[in-house]
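Residue numbers (the numbering used here), protein chains in the order written: chain A, 1 to 162; chain B, 1001 to 1504. Ideal Cβ positions, reconstructed from N, Cα and C, are used throughout, including at glycine.
Structure follows, in structure tokens:
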């Protein structure tokens, strides 16, 4: 019990929460700045297109201050320790799919995402999961692009078979 | 025409062979996806939205209704057999249901949940049919000021009233409202917060945001925490309910419906309050209260009925006022908007066939689910045994499929990635997800109503408090924020935290 409260003491202030507060402040500034620099056109109504953005910018400002208070009071919930490498695998998979989609087509690009996600959850090796992903994505492409007429980008593989 | 006539006409639409087929596909897909662990009804609906892109509006919405109800059923199966923490669609069902499954009574637990959902779905859908015309009549007298007040109330109940922190609820809401600002202003055509990027001029797609927050964010947070050691309970013994099970179940079904429907139908949101209320009511009324906590069938039957009844109830504000009060409803609203349909009182006048066809097809979907669920339960259970790596690889495959199908651009996928990271961050620090989604879709609508009201009054802000209805709604909204703050300060916050829910 005493150890727990000691740990909590040590966590104050909650630096991650302070970072969130800083982020909220940054959002507030960006909204206000963007609205001020683009809303040049004179508005006839008192409540024009710039009013709501300013209200929200002010709200973010207030939430930021409130978050600082809660960070010092230690009001944020306990957090488990996180592993970074699975996150990097999934983010990498999504990025690979995004960049390769136009060039390599849906099946190949999505297969990379599929294999990277499986890898993030500890399933491999990639030379096995990528082919599985290609087959699966290709089946999905046939169903959705040919069956349901969704516009999914076709690449060399899709052109080869259709 | 009276409600019965309209409903009968709707049934004729719903019973057309093609529409029956759409409903069947909808409930099957909805159940199959809803059963998967970690996928709640909101994500089910968001993931399956692309399937409906190329259908006509009526068929698409009918399939959608099936997906919605199917997702609810699937979710309860998951929580009974696999005590998944974080699957909030039916937390309470998991309390007793999982205990029953552990005691080898998984079959009757699933059966009472399925039949209870059917009874609740049936009664609540009929309730929807009868209440809707009255609410529509009332809503037609609402001006922009009343609508604005109503939306403020919905904002506050969705974000601040429940959950474990007013601050984090409000922050999540304002993230949604801020994202809603992006794009071309509806009234003046002025670009806002687009930073010169043409892709942003159309604003942010609700489905992209929802799929990113729920699917990508969830995958990231599950992968990073390496947790999730949950064991699936095999179904032992008979699936059928005994005579005693029946006699202990039917009253909780009806009570659950009576509690859940009004709560869902209120234009105020507020997630799973109905299931918790129903649980405590059953606990107090039970003949064998000592069984609660060890697998009491009343504790499954009541909350499950309440859950489904309130899910049908949320369709009342959605269809009659165009007001989504849950993340699921927000995504359904996006589903309507893809066909240029705006739910609200006018839709009942301009497109009665569509609305009543939808309501009637809810009845059809409900019956299909009962027929489909009891015999096929073994198939759904097998879906639960998919290993996590394949499950999440598949979820991300379909998540990106939906985004690419709606808009095959690199930029859209980039937003999916960015919002996925946002979703991970929100989960990591205990921020709720639903207010972000509701804020995104409801924010621009609230702004429009506000500006319309002020245009009518020529800039005089007192118009917002001119009518008694608006004053009452705004006072309720203020209560929804201040009362929880007071309760938490007095150390009563635990109850509120329990009532909050991330998904649905």
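Within chain A, partners of residue i - CB distance below 8 Å
i	result
residue 1185 of chain B	49
residue 1410 of chain B	98, 99, 101 and 102
residue 1554 of chain B	In the structure as shown, chain B begins at 1001 and stops at 1504. Residue 1554 of chain B is therefore absent and cannot be evaluated.
residue 1067 of chain B	Residues of chain A passing the Cβ test: none, with the nearest at roughly 15 Å.
Residue closest to residue i, alpha-carbon to alpha-carbon, out of the options
i	options	result
residue 1170 of chain B	B:1076, B:1262 and B:1485	B:1485
residue 1264 of chain B	B:1489, B:1306 and B:1009	B:1306
residue 1379 of chain B	B:1020, B:1019, B:1029 and B:1017	B:1029
residue 25 of chain A	A:98, A:61, A:132 and A:80	A:61
residue 1056 of chain B	B:1069, B:1072, B:1018 and B:1024	B:1018
residue 1093 of chain B	B:1454, B:1290 and B:1076	B:1076
residue 34 of chain A	A:15, A:21 and A:51	A:51
residue 1137 of chain B	B:1320, B:1188 and B:1459	B:1320
residue 1132 of chain B	B:1052, B:1374 and B:1343	B:1343
residue 1119 of chain B	B:1251, B:1139 and B:1064	B:1251
residue 142 of chain A	A:126, A:102 and A:159	A:159
residue 1421 of chain B	B:1455, B:1223 and B:1338	B:1223
residue 1461 of chain B	B:1078, B:1145 and B:1045	B:1145
residue 1386 of chain B	B:1225, B:1197 and B:1033	B:1033
residue 1199 of chain B	B:1187, B:1182, B:1190 and B:1155	B:1182
Distance between beta carbons of residue j and residue i, contact taken as under 8 Å
i	j	result
residue 1003 of chain B	residue 1129 of chain B	6 Å
residue 1334 of chain B	residue 1207 of chain B	6 Å
residue 1368 of chain B	residue 1024 of chain B	6 Å
residue 1261 of chain B	residue 1312 of chain B	7 Å
residue 1309 of chain B	residue 1112 of chain B	In fact, because the Cβ distance is near 15 Å, the residues do not count as touching under 8 Å.
residue 18 of chain A	residue 68 of chain A	7 Å
residue 108 of chain A	residue 161 of chain A	That belief does not hold up - the Cβ atoms of residue 108 of chain A and residue 161 of chain A are roughly 13 Å apart, past 8 Å.
residue 1172 of chain B	residue 1435 of chain B	4 Å
Per-residue contacts from residue i into chain A (C-beta, under 7 Å)
i	result
residue 1388 of chain B	121
residue 1051 of chain B	148
residue 1225 of chain B	80 and 82
residue 1447 of chain B	52
residue 1392 of chain B	117 and 121
Contact set for residue i: own chain, Cβ-Cβ below 6 Å, skip 5 residues either direction
i	result
residue 1180 of chain B	1440, 1443 and 1444
residue 1038 of chain B	1218
residue 42 of chain A	Note that residue 42 of chain A scores 49 on pLDDT, short of 50, meaning its location in the model is unreliable; the coordinates nonetheless yield the value given after this. Excluding positions up to five away in sequence, the list is empty.
residue 119 of chain A	89
residue 1071 of chain B	1030, 1034, 1041 and 1044
residue 1022 of chain B	1059, 1062 and 1063
residue 138 of chain A	107
Under 7 Å by beta carbon: chain B residues contacting residue i
i	result
residue 66 of chain A	1167
residue 27 of chain A	1178
Cβ pair residue i, residue j closer than 8 Å
i	j	result
residue 1203 of chain B	residue 31 of chain A	no
residue 121 of chain A	residue 1317 of chain B	no
residue 1370 of chain B	residue 1115 of chain B	yes
residue 1286 of chain B	residue 1298 of chain B	yes
residue 1174 of chain B	residue 56 of chain A	yes
residue 105 of chain A	residue 147 of chain A	no
residue 1027 of chain B	residue 1365 of chain B	yes
residue 101 of chain A	residue 1403 of chain B	no
residue 113 of chain A	residue 1397 of chain B	yes
residue 1423 of chain B	residue 1050 of chain B	no
residue 98 of chain A	residue 1414 of chain B	yes
residue 1160 of chain B	residue 1481 of chain B	yes
residue 1164 of chain B	residue 1430 of chain B	yes
Neighbouring residues, chain B, relative to residue i (Cβ below 9 Å)
i	result
residue 16 of chain A	1428 and 1429
residue 240 of chain A	Since the first residue of chain A shown is 1 and the last is 162, residue 240 of chain A is not available in this structure.
Under 9 Å by beta carbon: chain D residues contacting residue i
i	result
residue 126 of chain A	Absent here is chain D; the protein component of the structure consists of chains A and B.
Other residues of its chain near residue i: CB distance less than 8 Å, five sequence neighbours each side excluded
i	result
residue 123 of chain A	129
residue 1399 of chain B	1047, 1211, 1212, 1215, 1216 and 1416
residue 1437 of chain B	1042, 1176, 1206, 1209, 1210, 1213, 1327, 1330 and 1331
residue 1007 of chain B	1129, 1356, 1359 and 1360
residue 1354 of chain B	1057, 1058, 1061, 1341 and 1347
residue 1150 of chain B	1142, 1267, 1321, 1323 and 1473
residue 1463 of chain B	1145, 1453, 1454, 1456 and 1457
Under 8 Å from the C-beta of residue i: neighbouring residues of chain B
i	result
residue 160 of chain A	None at all; the shortest Cβ gap to chain B is about 20 Å.
Same chain, Cβ closer than 7 Å to residue i, neighbours up to 5 away in sequence not counted
i	result
residue 144 of chain A	150 and 152
residue 76 of chain A	14, 17 and 70
residue 93 of chain A	112, 113, 116 and 117
residue 1427 of chain B	1217 and 1221
residue 1449 of chain B	1144, 1147, 1148 and 1151
residue 1011 of chain B	1360
residue 126 of chain A	115 and 119
9 Å Cβ cut-off: residues of chain A touching residue i
i	result
residue 1420 of chain B	90, 91 and 94
residue 1462 of chain B	Those do not exist, as residue 1462 of chain B stays about 13 Å from chain A at its closest Cβ, beyond 9 Å.
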